[in-house]
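Here the structure is laid out as C-alpha cells; the discussion comes afterwards.
Residue numbers (our numbering): 320 to 411.
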C-alpha cells in the first residue's frame with residue numbers, strides 16, 4: 320500500500336522518485352533518458368539492519384521489478400538478523 324509518493328527530484332542528471340509503502344521506503348533512480356532504472360528498498364522494521372543484496376536483471380514489468388525488490392529487501396534483512404551479521408560503520 321502506497322502511503323506517500325514524491326516525484327521529480329533531480330540529482331546530477333538523474334531523477335529520483337521516492338515511494339513510501341506501509342512498511343518500507345523505496346527509492347527509484349532513473350536516468351533522464353531512461354537508459355536504466357534502479358530500485359532500493361529499506362524495511363522500517365525495528366532491530367533490522369539496512370544491509371542486503373543487489374540484483375541486475377531485466378523484468379517483464381515495473382510491478383514485477385518492484386515486487387522482487389521488496390521481497391529481496393525483507394528477506395535479506397531477516398537473514399542478516401537471523402545470522403547475527405554485524406553492521407559495521409567506520410567513521411573516517
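Quick reminder that beta carbons are idealized off the backbone N, C-alpha and C, glycines included.
* Asked: Which residues in the same chain have their Cβ closer than 6 angstroms to the Cβ of residue 398, if we skip the five residues on either side of it in sequence?
  -> As a working note, residue 398 is residue 79 in the chain shown. Nothing listed; no residue qualifies.
* Distance CB(residue 384)-CB(residue 358) smaller than 8 angstroms -> Taking the first residue of the chain shown as 1, we reach residue 384 at position 65. Taking the first residue of the chain shown as 1, we reach residue 358 at position 39. Yes, Cβ-Cβ distance for residue 384 and residue 358 is below 8 angstroms.
* Could you round the C-beta distance between residue 361 and residue 392 to whole angstroms and report it? I think they count as a contact, below 8 angstroms. => Walking along the chain shown from the start, residue 361 turns up at place 42. Walking along the chain shown from the start, residue 392 turns up at place 73. About 7 angstroms; that satisfies the 8 angstroms criterion.
* Asked: Who does residue 394 pair with in a DSSP beta bridge?
  -> Residue mapping note: residue 394 aligns to position 75 of the chain shown, counting from 1. None, per the DSSP bridge assignment.
* Asked: By Cβ distance, which residues of its chain are closer than 6 angstroms to residue 390, with the 5 residues on each side in sequence left out?
  -> Taking the chain shown and counting its residues from 1, the one referred to as residue 390 is at position 71. Cβ-Cβ distances below 6 angstroms link residue 390 to nothing in the same chain once the five nearest sequence neighbours on each side are left out.
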